[in-house]
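Taking it in order: structure first as structure tokens, then the write-up.
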Amino acid sequence: GGQVIPTARRVIYASQITAKPRLLEPVYMVEIQAPEGALGGIYSVLNQKRGHVFEEMQRPGTPLYNIKAYLPVVESFGFSAQLRAATSGQAFPQSVFDHWDMMASDPLELGTQASTLVAEIRKRKGLKEQMTPLSDFEDKL
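Sequential numbering from 1 applies to the sequence shown in full-length UniProt numbering.
See the structure below:
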């Protein structure tokens with residue numbers, strides 16, 4: 001087992017790197033209740049936070065609107081305070097986990113949002129921030 005296990009480990013690591021890995025991020029479904037005058041501020045804050053509205057409807061018999069949007073969890077920190085500031089305290093958000101969404105950027109390409117997130121996680125876990133290059137797993141015969 002002294003020669004097989006390290007070789008198998010390198011093969012598995014190399015195959016994971018060459019498989020075009022992607023990160024999945026958790027996404028909240030945010031339901032916001034607000035009057036019509038606050039809608040502009042809601043859309044502005046959601047756009048800044050990479051959120052997107054998928055439903056907007058007025059509650060019958062009231063001046064309030066119900067807005068449903070998807071918001072990445074990583075962008076949700078400070079969302080409520082920013083939303084209340086943009087709407088003068090007229091918007092009331094409620095968040096609940098909805099689904100996992102694939103990040104569009106490549107975690108192996110330097111400078112992308114996914115690679116920055118991977119570097120932060122690796123640093124927090126005490127690993128080198130840079131991923132090990134594929135050439136380190138190739139056989140050197």
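From the three backbone atoms N, C-alpha and C, an ideal C-beta is built for every residue, glycine too. Just so you know, these numbers come straight off a predicted model, no measurement behind them.
Residues 82, 83, 86 of the same chain have their beta carbon placed closer than 6 Å to that of residue 45, with the five preceding and five following residues left out of the count. Counting only the Cα atoms, residue 129 lies some 11 Å from residue 110. Annotated three-state conformation of residue 33 is strand, per DSSP. Scanning its chain for C-beta atoms nearer than 6 Å, with the 5 sequence neighbours on each side dropped, one finds around residue 17 the residues 134, in chain order. Taking the C-beta atoms as reference points, residue 93 is found nearer than 8 Å to residue 30. Unbroken alpha helix (DSSP H) runs of no fewer than 4 residues, entirely contained in the UniProt domain "Elongation factor EFG" (22-111), are found at 39-48, 79-86, following chain order. Assignment of residue 18 by DSSP, reduced to helix, strand and coil, places it in the helix class. Pairing residue 38 with residue 13, the inter-Cα distance amounts to about 50 Å. Residue 120: member of the alpha helix (DSSP H) spanning 113-124, first to last residue. Counting only the Cα atoms, residue 68 lies some 38 Å from residue 131.
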